[in-house]
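Participant: What follows is a single structure, and I will ask about it in a moment.
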Amino acid sequence: MYVVGHGEREAIEVFNLDARGSVPSLQWVGCIVAPEGTRRINSITALPNNALGATNFDTAGGELWEWHPARGWVEVPGSQMLGPNGLVSSPDGQWFYIGGWSDQALVRLSRGRTPIQIEAIPVGFNVDNVRWGTDGTVVVAGHVTRCQDSVPCELAVARVAKVNPDTFSVEQLVDYKGNEFFRLGTVAIEVNDEIWVGGIRGSFGIARFPQ
16 MYVVGHGERE
26 AIEVFNLDAR
36 GSVPSLQWVG
46 CIVAPEGTRR
56 INSITALPNN
66 ALGATNFDTA
76 GGELWEWHPA
86 RGWVEVPGSQ
96 MLGPNGLVSS
106 PDGQWFYIGG
116 WSDQALVRLS
126 RGRTPIQIEA
136 IPVGFNVDNV
146 RWGTDGTVVV
156 AGHVTRCQDS
166 VPCELAVARV
176 AKVNPDTFSV
186 EQLVDYKGNE
196 FFRLGTVAIE
206 VNDEIWVGGI
216 RGSFGIARFP
226 Q
């Protein structure tokens, strides 16, 4: 299991997870220190051949990186953008799907392809984390905390949408204004017929919404 740590060092901590017993256990086995000069590793994804992909979240100009056991960190060509956040990759390792926080879009970026192919799929909110859904769509979670360019908009504590990675169609699922117990949604997963949303900044639980 890979965990991004923001403590004394910015690193990806690696654990062996044993879930066979009544209580799961973790054993730390090592770490991968973040690339030099990056601001904040936000999300990671496992790639073929024991490689990893990672986003450097920087609203002034971030990018994606790949880590390989033999070569270490390599910047992903064509990945420069403002505020790359969440990250998943296709099962075959041919595509990255990036939470474009500043662009309010899910960004699809080719991997190992010439010429580089990149598309932004607008979703209407600042994308934080992304996860694969149970039906092969990408579950995109985020929020709207301020309006852009003085254009009127409707703020939201939590927004969730599903994006078809092939057709780029977008289905809006959650638009939540929040309360004193849930203040800012950042991640969502599907659990049976519900969407579970996790939060930060004083959010005291997981918000559950019907699909």
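So the mapping is simple: our numbering equals the position in the sequence shown, first residue as 1, plus 15.
The C-beta atom is built at its ideal place from N, Cα and C for all residues, glycine as well.
Over what stretch of residues does the beta strand (DSSP E) that includes residue 72 continue unbroken?
Facilitator: Neither: residue 72 is in no beta strand (DSSP E) and is coded neither H nor E.
Participant: Helix, strand or coil for residue 201? Go by DSSP, reduced to three states.
Facilitator: Residue 201: strand per DSSP, three-state reduction.
Participant: Taking only the alpha-carbon atoms, compute the straight-line gap between residue 130 and residue 124 and give it to the nearest angstrom.
Facilitator: If you take the alpha carbons of residue 130 and residue 124, they lie about 11 Å apart.
Participant: Using C-beta distances below 6 Å, list every residue in its chain close to residue 136, excluding the 5 sequence neighbours before and after it, in chain order.
Facilitator: Excluding positions up to five away in sequence, the list reads 120, 121, 178, 183.
Participant: Let me know if residue 264 comes out buried or exposed under the rule of 16 or more other beta-carbons within 10 Å of its beta-carbon.
Facilitator: Since the first residue of the chain shown is 16 and the last is 226, residue 264 is not available in this structure.
Participant: Just the Cα atoms here: how many angstroms apart are residue 114 and residue 176?
Facilitator: If you take the alpha carbons of residue 114 and residue 176, they lie about 12 Å apart.
Participant: Ignoring anything shorter than 3 residues or poking outside the segment 103 to 156, list the beta strand (DSSP E) runs there in chain order.
Facilitator: Here the runs fully enclosed are 110 to 115, 120 to 125, 133 to 137, 141 to 147.
Participant: Does the structure place the segment 47 to 57 close enough to the segment 66 to 86 that three or more beta carbon pairs sit under 8 Å?
Facilitator: The segment 66 to 86, when compared against the segment 47 to 57, does touch it at the 8 Å Cβ threshold.
Participant: Looking at the structure shown, is residue 192 part of a helix, part of a strand, or coil, going by DSSP?
Facilitator: In this structure, residue 192 counts as coil in the three-state DSSP scheme.
Participant: Smallest Cα separation from residue 211: which of 19, 218, 202?
Facilitator: Among 19, 218, 202, the Cα nearest to that of residue 211 belongs to 202.
Participant: Can the beta-carbon of residue 46 be found closer than 8 Å to that of residue 29?
Facilitator: Yes, the pair counts as a contact, with Cβ atoms nearer than the cut-off.
Participant: Apart from the five residues on each side of it in sequence, which residues of its chain come closer than 7 Å, Cβ to Cβ, to residue 40?
Facilitator: The residues are 33.
Participant: Is the number of C-beta pairs between the segment 134 to 153 and the segment 77 to 92 that are closer than 8 Å three or more?
Facilitator: No: fewer than three Cβ pairs fall under 8 Å.
Participant: Can you give me the Cβ contacts of residue 117 inside the same chain, cut-off strictly under 6 Å, excluding the 5 residues immediately before and after it?
Facilitator: Closer than 6 Å at Cβ, skipping near neighbours: 74, 97, 98.
Participant: Leaving out the 5 sequence neighbours to the left and right, which residues in its chain are closer than 7 Å to residue 243 when beta-carbon positions are compared?
Facilitator: Limits of the chain in this structure are 16 at one end and 226 at the other, which puts residue 243 out of reach.
Participant: Closest to residue 104 by C-alpha separation, out of 161, 88, 152, would be which residue?
Facilitator: If we check each option's Cα against that of residue 104, 152 comes out closest.
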